[in-house]
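The structure appears below as structure tokens.
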């Protein structure tokens, strides 16, 4: 068995007193420091989680804004392309209209010149016919006879022309 002597009892008593003093003096402040540290770490973790959540929301917001900007940019490009195509079509229509107008004017001018040439040719034919008729008949024709001969000649030319 273990013998209990006085020194051992004093040492046990000293140890118990030391533990009581340490518990009273050191344990409370040490636990307070550890609790404060634990609270600070937990607060830092909560702040980091909140910052991460805010960053994620901000990133999603920026991505949504970027998508919206891309959609708007594409809409602007599409609108510009449509406007350019419409403007090109308008210009093409104007050019076609101008070409048709010039073509019509040229056709009218050609027809007018053709009609003028035909009138001049008919006049020359009439004059030549009168001269030939005068030479064949051997006498100068009166103005009325000349006009009648010209009218008959022109009528025959028109009949031949209509027959072709």
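Residue numbers (the numbering used here): 1 to 164. We put the beta carbon where it would ideally sit given N, CA and C, even for glycine.
Query raised in the report: Three-state secondary structure (DSSP) at residue 113?
Result: Three-state result, residue 113: helix.
Query raised in the report: With DSSP run on the structure shown, which of helix, strand or coil describes residue 5?
Result: Looking at residue 5 - three-state DSSP - the assignment turns out to be coil, as it is neither helix nor strand.
Requested in this report: Taking residue 118 and residue 130 to be in contact with their CB atoms under 8 Å, please state how far apart those CB atoms are, rounded to whole angstroms.
Outcome: The distance from the Cβ of residue 118 to that of residue 130 is about 19 Å, inconsistent with a contact at the 8 Å cut-off.
**Report entry** Neighbourhood of residue 61 by C-beta, 6 Å cutoff - its chain only, sequence neighbours within 5 removed
**Finding:** Sequence-distant Cβ neighbours of residue 61 in its own chain, meaning closer than 6 Å and more than five residues away, do not exist here.
Query - Straight-line Cα distance separating residue 93 from residue 122 - result: Here the alpha carbons of residue 93 and residue 122 stand approximately 42 Å from one another.
Requested in this report: Count the other C-beta atoms from every protein chain shown that fall within 10 angstroms of the C-beta of residue 126, then say buried if there are 16 or more, exposed otherwise.
Outcome: Around the beta-carbon of residue 126, 16 or more other beta-carbon atoms lie within 10 Å, marking it buried.
Query raised in the report: In whole angstroms, what is the alpha-carbon distance linking residue 133 and residue 145?
Result: If you draw a straight line from the Cα of residue 133 to the Cα of residue 145, it is about 11 Å long.
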